[in-house]
Amino acid sequence: TFFQRKGSVVFGNIWQLLLGFCLSGVTGFLQYLIESKSPYAPMIPNNYALAALGTLVSFAIVFRTNLAWSRYWEALTHCHYMYSKWSDAFQQITVFCSTTLKHIGQQPGAESEARCRRIQVIYSN
Numbered sequence: 055t056f057f058q059r060k061g062s063v064v065f066g067n068i069w070q071l072l073l074g075f076c077l078s079g080v081t082g083f084l085q086y087l088i089e090s091k092s093p094y095a096p097m098i099p100n101n102y103a104l105a106a107l108g109t110l111v112s113f114a115i116v117f118r119t120n121l122a123w124s125r126y127w128e129a130l131t132h133c134h135y136m137y138s139k140w141s142d143a144f145q146q147i148t149v150f151c152s153t154t155l156k157h158i159g160q161q162p163g164a165e166s167e168a169r170c171r172r173i174q175v176i177y178s179n
């Protein structure tokens, strides 16, 4: 689920979540002060520092997203490999059972029929 607490990136550490909410609240409040032309509004003559901070945050987000995508594709590759090996094992069992049934079916006698029934039971399960 999306809102699980254990193992979640978003809700993993409650202090990081609270810090993020506090920072967003402060920046929203400062933006409101600037737009309402309040005397308490911060006077920022140059926005170079904000642009640099935005660039740093953008790079951090890009690298984190790249890391997440690489983990995702690595996990998908391992899942594909696992399904491939399970398919190979199933095909080997199927070929073994069908070949054994064919070989035993060609032999006359009650013992070969009993073996054939045992293998059919194994193959059907």
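When the letters of the sequence shown are read in order and numbered with the numbering used here, they come out as residues 55 to 179.
Each residue gets a CB set at the ideal place from its N, CA and C atoms; glycine is no exception.
### Message
Assess contact between the stretch 165 to 174 and the stretch 146 to 156, defined as three or more Cβ pairs (one per stretch) separated by less than 8 Å. Is contact present?
### Response
yes
### Query
Which residues bound the alpha helix (DSSP H) around Q161?
Counting along the chain, Q161 falls outside any alpha helix (DSSP H), and DSSP gives it neither H nor E.
### Query
Just how far apart, CA to CA, sit Q70 and L77?
In a straight line, the C-alpha of Q70 is about 10 Å away from that of L77.
### Span separating the alpha-carbon of L72 from that of G79
10 Å
### Query
Expressed to the nearest angstrom, what Euclidean distance is found between the alpha-carbon atoms of C133 and L87?
52 Å
### Query
Looking at the structure shown, is Y177 part of a helix, part of a strand, or coil, going by DSSP?
helix
### Query
What are the boundary residues of the alpha helix (DSSP H) that I204 is part of?
Residue numbering for the chain in the displayed model covers 55 to 179; residue 204 lies beyond these limits and cannot be assessed.
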